[in-house]
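Everything on this sheet refers to the single structure shown next.
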Amino acid sequence: MSMQDSAHRQCDVLVIGSGSAALSAALRAAVGGLQVLVLEKSAFLGGTSAISGGATWIPANHHAHQQGLADSCDEALAYLRAAAPEGWQASEDLLWQRMSEQAAVMLRFIEQHSALRFALTAESDPLWPLPGAKQQGRMLAPLPLKPYRRWPLRVTPLPRLFTYHELLACDLWHQPVRSWLRFLPRLVMRQIRGELTKGAALIAGLLDACERAGCEFVTEAAVETLVVQHQHQVKGARYRHQGREIEVQAQQGVVIASGGFEWDNTRRAQHFPGPHDFIASPKENTGDGQRMAQAVGAQLAHMDQANMGGGIPAAQNMSWSGLSIYFHYEPNAILVNRTGRRFTNEFAFNLGEALDARDERGETQHLPAWLISDARLLKQAPLLRYYCWRTPGWVRQGKTLADLEQQLTLPSGSLQHSVKRYNAQCATGVDSDFARHLSRAHAKTDRRFKGGMQVIESAPFIAIPFNRTFLTTKGGPRTDASGNVLHRDGQPIAGLYCAGVAMANPIGTRAVSAGTTLGPNLTWGFICGSSLLMRAQENAREEVRCRA
757 MSMQDSAHRQ CDVLVIGSGS AALSAALRAA VGGLQVLVLE KSAFLGGTSA
807 ISGGATWIPA NHHAHQQGLA DSCDEALAYL RAAAPEGWQA SEDLLWQRMS
857 EQAAVMLRFI EQHSALRFAL TAESDPLWPL PGAKQQGRML APLPLKPYRR
907 WPLRVTPLPR LFTYHELLAC DLWHQPVRSW LRFLPRLVMR QIRGELTKGA
957 ALIAGLLDAC ERAGCEFVTE AAVETLVVQH QHQVKGARYR HQGREIEVQA
1007 QQGVVIASGG FEWDNTRRAQ HFPGPHDFIA SPKENTGDGQ RMAQAVGAQL
1057 AHMDQANMGG GIPAAQNMSW SGLSIYFHYE PNAILVNRTG RRFTNEFAFN
1107 LGEALDARDE RGETQHLPAW LISDARLLKQ APLLRYYCWR TPGWVRQGKT
1157 LADLEQQLTL PSGSLQHSVK RYNAQCATGV DSDFARHLSR AHAKTDRRFK
1207 GGMQVIESAP FIAIPFNRTF LTTKGGPRTD ASGNVLHRDG QPIAGLYCAG
1257 VAMANPIGTR AVSAGTTLGP NLTWGFICGS SLLMRAQENA REEVRCRA
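Numbering-wise (this note's numbering), the sequence shown opens with residue 757 and increments by one.
Spelled out as structure tokens, the structure:
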């Protein structure tokens, strides 16, 4: 990772960020012959993608085709349309079309130009049976990969030895020792060989490929401003590195792929009012890309969209505050709102929507929210018991439900009423309030999901805060279907592109699968890289015409 000594430099393409969207854009542009510079604000590469599970949603991909699983771009588009919130199709349909068309092309390109290999999981589209949904074939994850070099990837407290496929096949959450023993020989060999899995494998494979294609990386390089030639043209950016300000002229364009703004306290409070528990992404995700794009006139959209759910506290020395973990998929657990009432199906795939429900004034309807269970939950989930021991005061306990009501300052009798009603429904096996008994399709192959309904009756009763843990926000500059950022006046800003969760993402809080962050991120990065190649070709033809 070298850098010229001068305070000015040039490249063809400048990529801001080093996550999945950034590296996909960089690889596409570099393989096409462009000189690519990747700037990463942190000392670590990979962003949130590097600490992810690696789940990747890619419709109509070649792996599914090879296994005889029928799919098409049109069916994927139908699914996206059916799953989207009301009114989104008017603004997002062209982006959905482009994403549906390019996702499979992107996957084939990455496997062709890198050592990365993906394999299907047995998961279905979780919003089955919406039109266009598939029982299998769209969810993939990377296989173990030994990188060519040791990259400074962001560390994670979660075990990197397990693949995403293995985590689905075992029950690390409820039976950690048995799960480790089941795969122990394989895990030992993986450690000896230096193989990475999940998001770390994805990022390391992309980094290897980008470096071989000629990309240059600079870490601890904070991009501060975009360089604008006039209102609708970006020519580069200025960044700070080792105490010096350096200006980069990007001949073909700049790609903003710097992640979300969840660590920007002001923006987060503005767009996500109400309490939150943790943030499960790197602290560098402060919305630099959104801020810089807005400063040059970009139109921002979907700023109230995010990936969010429940979470557990991270260790004190981690560069994030929490971990996004599924501990509400237990039969003897319910969620209650600030009035002590159940307000949602706890097994709903898009639980974040219910947590973030707003009233007419934009204020949260349910928060603060609590997960309510009993003594058996801690016995069933030893990892949850560990985090409870490690973080005193996080889990509240009461000898009675009335005790919990007082501790949580809930209305008198509300929690007792909610648990009594839920227990009565357990006896019939039918959740007449939220149809929880029907929500099993999205978890048939996931051992973390116990499903079913069990009474809450064994003291001590417990309460765990459930006030949104942010994995990433999904709002930013609006783009056209080529990834080109749009000005507030609706015109494209020449030379400025955006991908991933830094953009006004066409899939917001309501996801269509577990992999609809990484899959679309990779696809939009690929689309931006392809657009830059086309721009370079057009510029070259223009130069030839001018010389003639």
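Beta carbons: idealized from backbone N, C-alpha and C, even for Gly.
Ranked by Cα distance from Leu909, the first of Ala960, Glu1161, Glu842 is Ala960. The alpha-carbon separation between Trp884 and Lys890 amounts to approximately 7 Å. DSSP, read as helix, strand or coil, puts Thr1272 in coil.
With a cutoff of 8 Å on beta-carbon distance, Ala859 and Thr1279 are scored as near each other. For the alpha helix (DSSP H) assignment, the uninterrupted runs of no fewer than 4 residues enclosed by the region 759-811 are, from N- to C-terminal side, 776-787. Per the C-alpha coordinates, the member of Glu1294, Ala840, Asp768, Leu1157 positioned closest to Val1011 is Asp768. Taking all protein chains shown into account, Leu1194 has fewer than 16 neighbouring C-beta atoms within 10 Å of its C-beta and is therefore exposed. Separation of the CB atoms of Gln1136 and Leu790 is rounded to 53 Å, and the pair is thereby denied contact status at 8 Å. Each of Gly1231, Leu1289, Asp830 was checked against the Cα of Asp1060, and the nearest Cα belongs to Gly1231.
Beta-bridge pairing by DSSP links Gln892 to no other residue. Counting only residues of its own chain and dropping the five nearest sequence neighbours on each side, Ala839 has a CB closer than 7 Å to the CB of Leu883, Leu886, Arg1266, Val1268. Between the alpha carbons of Gly1016 and Asn1277 lies a distance of about 12 Å. As DSSP reads the structure, Gly1154 sits in a beta bridge with Phe1217. Residues of the same chain with a CB within less than 6 Å of the CB of Asp1020, apart from the 5 flanking positions on each side, are Thr1042, Gly1043 in chain order. Closest by C-alpha distance to Phe1222, out of Arg1177, Phe1034, Lys797, is Phe1034. Under the 10 Å beta carbon count, Lys1155 is surrounded by fewer than 16 other beta carbons and is classified as exposed.
Taking all protein chains shown into account, Thr1095 has fewer than 16 neighbouring C-beta atoms within 10 Å of its C-beta and is therefore exposed. Beta bridge pairing from DSSP links Val979 with Tyr995. In the assembly as shown, Met1064 is a buried residue. Its beta-carbon has 16 or more other beta-carbons within 10 Å.
Val974 is positioned such that its CB atom lies no closer than 8 Å to that of Val1052. Judged by beta-carbon spacing, Ile1249 lies within the 8 Å limit of His988, meaning their Cβ atoms are closer than that value. DSSP places Phe939 in the uninterrupted alpha helix (DSSP H) bounded by 932-949. A straight line joining the alpha-carbon of Asp1189 with that of Ser1170 spans about 16 Å. One thing to note: Ala834 has its Cβ within 8 Å of the Cβ of Gly888. Straight through space, the alpha carbons of Glu1018 and Val1186 are spaced by roughly 38 Å. Contact between the region 1243-1263 and the region 1118-1130 is not established, with fewer than three Cβ pairs separated by less than 8 Å.
Separation of the CB atoms of Leu937 and Leu917 is rounded to 13 Å, and the pair is thereby denied contact status at 8 Å. For the 8 Å CB-CB criterion, Met862 and Phe1282 form a contact. A distance below 8 Å separates the beta carbons of Ser798 and Glu1040.
Rounded to the nearest angstrom, the Cβ distance from Leu962 to Leu793 is 16 Å, too far for a contact under 8 Å. Apart from the 5 residues on each side of it in sequence, Ala1292 sits with its Cβ closer than 7 Å to the Cβ of Asp768, Leu790, Gln1008 in its chain, given in chain order. Here Tyr1253 is bridged, per DSSP, to Val1011, Asn1240.
Shown here, Pro841 sits in coil according to DSSP, grouped into three states, outside any helix or strand. DSSP places Phe1282 within a helical segment (H, G or I) once states are collapsed to three. Pairing Ala786 with Ala969 gives a Cβ-Cβ distance under 8 Å. Looking at Ala832, Phe1099, Ser1080, the one whose alpha-carbon comes closest to that of Ile814 is Ala832.
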